[in-house]
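Engineer: Structure provided below as structure tokens; questions to follow.
Residue numbers (the UniProt record's numbering): 1 to 144.
So this is what it looks like as structure tokens:
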């Protein structure tokens with residue numbers, strides 16, 4: 001970072017305009033509020049701040065079109081990009097009581113993290129489940 005100190009007498013209208021423009025640019029950049037896709041390995045993002053304000057994002061690839069919000073059992077809220085939102089919807093989790101009374105994470109497809117009770121494990125196990133399902137679907141697509 002370069003620091004330039006100007007004496008007050010050197011601050012012309014052009015310099016002041018440039019300073020205000022830079023301040024405005026930095027403020028706009030600070031308002032960018034990116035969210036990642038919940039699908040492990042997906043690198044897509046969208047600007048939730050621009051979406052909520054009804055403005056165009058700073059970059060076209062940060063558009064919120066087609067993204068879905070997921071909230072509930074797993075820490076969140078989380079978002080699914082247009083490529084993965086349907087898959088995530090088909091595998092939304094909920095809790096269920098096992099015969100021993102303990103709560104377990106259960107997927108809409110009946111996959112379960114039963115037996116894994118340590119704190120924080122359910123999310124990673126569910127993400128691994130999503131990747132396995134995605135791999136199965138990819139394999140089926142290749143065979144078709």
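Backbone N, C-alpha and C fix where the C-beta goes; we use that ideal spot for every residue, glycine too. Small disclaimer: the values here were computed from a predicted structure and weren't measured.
If we ignore side chains and look at the alpha-carbon of each, how far apart do residue 49 and residue 32 end up?
Structural biologist: 6 Å
Engineer: Can you give the Cα-Cα distance for residue 7 and residue 25, rounded to whole angstroms?
Structural biologist: 24 Å
Engineer: What's the gap between the Cα of residue 132 and the Cα of residue 46?
Structural biologist: Looking at the two C-alpha atoms, the distance is approximately 25 Å.
Engineer: What are the boundary residues of the beta strand (DSSP E) that includes residue 44?
Structural biologist: Counting along the chain, residue 44 falls outside any beta strand (DSSP E), and DSSP gives it neither H nor E.
Engineer: If you check the beta carbons only, do residue 98 and residue 105 fall under 8 Å apart?
Structural biologist: no
Engineer: Opposite residue 93 in the DSSP bridges: which residues?
Structural biologist: Its beta-bridge partners are 107.
Engineer: Per DSSP, what are the beta-bridge partners of residue 130 in this structure?
Structural biologist: DSSP, once it has assigned bridges, lists no residue as partnering residue 130.
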